[in-house]
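Those sequence lines, one after another, are chains L and X. If you read the first sequence in my numbering, its first letter stands for residue 832, the second for the next number, and so on. If you read the second sequence in my numbering, its first letter stands for residue 248, the second for the next number, and so on. Cβ atoms here follow ideal geometry from the backbone N, Cα and C, with glycine treated the same way. Because the structure is a prediction, the values reported are computed rather than measured.
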Amino acid sequence: MTTGAMNCERFNDQLMDYLEHDVDAATRASVEHHAVTCVDCGALLADIRKLRVDAAKLPELAPSRDLWSGIAARIETPVVPIGTGATSSGAGEGNVPRASRRVVRRVLKAALIAASLVAAAMIGYGARDTEREVAQIVVPTVPMEPSVVAPDGPLPTQIAEQPGPAAATPGSVADRVTSTPAAAAPATPRAVEVQLAVAKLSADYDREIARLRVLIDQRRSQLDPTTVSVIERNLAVIDTAIAESRRAIVNDPSSRFLIEFLNQSLRDKVELMRTAALLPSRT
Amino acid sequence: MAAVATLEATTPSGSHRFDADAALAASGDRAAFERLYRKHVNRVISLCARMVADRARAEELTQDVFVRAWEKLHLFRGDSSFATWLHRLAVNVVLNDRKAEGRRRTRFEEEDEEQGMDGFVGVVGMPLAPGDLLDLEKAITRLPPGARRVFTLHDVEGYKHEEIAEMLGVTTGATKAQLHRARMLLREALNR
């Protein structure tokens, strides 16, 4: 149908711009005139106008379940304060790591660190005689970097640096550690101190790791299986490094080198698990 | 931004309260952040649900939006209202999710290719009993993805073509074409 200079085809062409108020006055008048005189185009214009009004008035939807608990779990990832050596941006409760942007980099970093830790732990284990000689000079006199700040006790490294006999009590962690077959040789007071420090350090991390493990397991179904697989593989690598370090420390408890590597590998594990726990769904 | 403006058009004291909560949340106050969540969750999930047409996925994305908001709150300067900031963040999260899941499609216009107009005779891809009348909400979920996103952002959420084109990385001509297509499909669906 043609009305003046406007026909149905031109009306259709102009309709979007007309509705956006993006036509000149003459075109606007032509469109409106055509809509009045053409039943089909008039109905189309009326329907589109109604559609716009209805769309803008659509009611808000509500979640079918409480989503806050899941959000809270992700933003309230428990934090073990990490010392100056930590790279995590989640050191405070208000600063959660920007996991989604950094996960690939962190996974790769963790894998590299874990691999180097395994190698280094093995080297350290094999060369422990030499290392012990160095460590026995270094440990008592050079303060280790305070890499772990225990939330409810002194620095593990501070324990290691305290002079005098260890305050280990019967049945304590230190007893448990030093009673392993690999530590059959009589433990010196210094060795007991170090074992105690290592046990405390491990316990702090283990609590955090256990909490993160629960969180990750809860979120497993929301995450991309490939991502989960990559994370688990890298955690396994880090676990190997941790186990190797612990075994090596039992044999060479005064090696600052090994203690630092254990601390680093535990820290990397927590870091990677925090990243996993904060991953957006199905990235 | 009609819809967002409506959301913000609370009482002055209400607006002040939520700005204060945004500031508190930015400083790490999780109770304040939960209040923000309670206030805005319906708005966010409405956007997500209409954009992705999948309720379960929309809920996951809504959680992602708030986790991302918590992470990014330190960047919120108060230049706009928190609602506007959060809303735009939600759009970005949804669109980024689309990119992550839809890399098989490289161009905006290609996304709906296999579901051209001819494929939408009647209602999009869903067999309906004769005489069944779709409501607008359901009809939106059955739009082709590209048309659905543009319709939701423009006609439901009130964004301008220029803003949508920037978000989607396409031209305004493309968004106008998708909007026109969406409206025509919806009209057809609703008038069955």
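(1) Between which two residues does the alpha helix (DSSP H) containing L/D871 stretch?
(2) Could you tell me how far apart the beta carbons of L/L1093 and L/V1029 are, in whole angstroms, since I believe they sit closer than 8 Å?
(3) Cβ atoms of L/I879 and L/L898: under 8 Å apart, would you say?
(4) For chain X, is any of its Cβ atoms less than 8 Å away from the one on L/R1120?
(5) For a contact defined as C-beta to C-beta under 8 Å, what are the partners of X/W332 on chain L?
(6) When we look at the beta-carbon of L/D1099 and count the other beta-carbons within 10 Å, is it buried (16 or more) or exposed?
(7) So, for X/R430: in the same chain, excluding its five sequence neighbours on each side, which residues have a beta-carbon less than 8 Å away from its beta-carbon?
(8) In terms of residue numbering, what span does the alpha helix (DSSP H) encompassing L/V1059 cover?
(9) Is the beta carbon of L/I1069 less than 8 Å from the beta carbon of L/I1080?
(10) Taking only beta-carbon atoms, is L/L1043 less than 8 Å away from chain X?
(11) Report the rounded CA-to-CA distance for L/L1097 versus L/T1058, giving the unit in angstroms.
(12) For L/N838, does the three-state DSSP call read helix, strand or coil?
(13) Please identify, using Cβ separations under 8 Å, the residues of the region 897-908 of chain L that lie next to chain X, in order along the chain.
(14) Nearest to L/D1083 by CA position, among L/A887, L/Q1026, L/V870 and L/A893, is which residue?
(15) May I ask which residues mark the beginning and end of the alpha helix (DSSP H) holding X/S293?
(16) Any Cβ of chain L within less than 8 Å of the Cβ of X/N289?
(17) Any beta carbon of chain X sitting closer than 8 Å to that of L/D885?
(18) Pick out whichever of X/E281, X/A394 and X/E435 has its Cα sitting closest to the Cα of X/R297.
(19) Return helix, strand or coil for L/D1035, following the three-state DSSP convention.
Taking the geometry as given:
(1) V870 to A887
(2) Indeed they touch by this definition, with Cβ atoms about 7 Å apart.
(3) no
(4) Nothing about residue 1120 of chain L can be read from this structure; chain L reaches only from 832 to 1114.
(5) In chain order: nothing, as chain L lies at least about 17 Å away.
(6) buried
(7) F398 and D402
(8) First-last of the alpha helix (DSSP H) with L/V1059: P1056 to N1082.
(9) no
(10) no
(11) 21 Å
(12) Strand, per DSSP.
(13) L898, W899, G901, I902, A903, R905, I906 and E907
(14) The option with the nearest alpha carbon to L/D1083 is L/Q1026.
(15) R277 to V299
(16) yes
(17) At least one CB of chain X lies nearer than 8 Å to the CB of L/D885.
(18) Checking every option, the nearest Cα to that of X/R297 belongs to X/A394.
(19) helix
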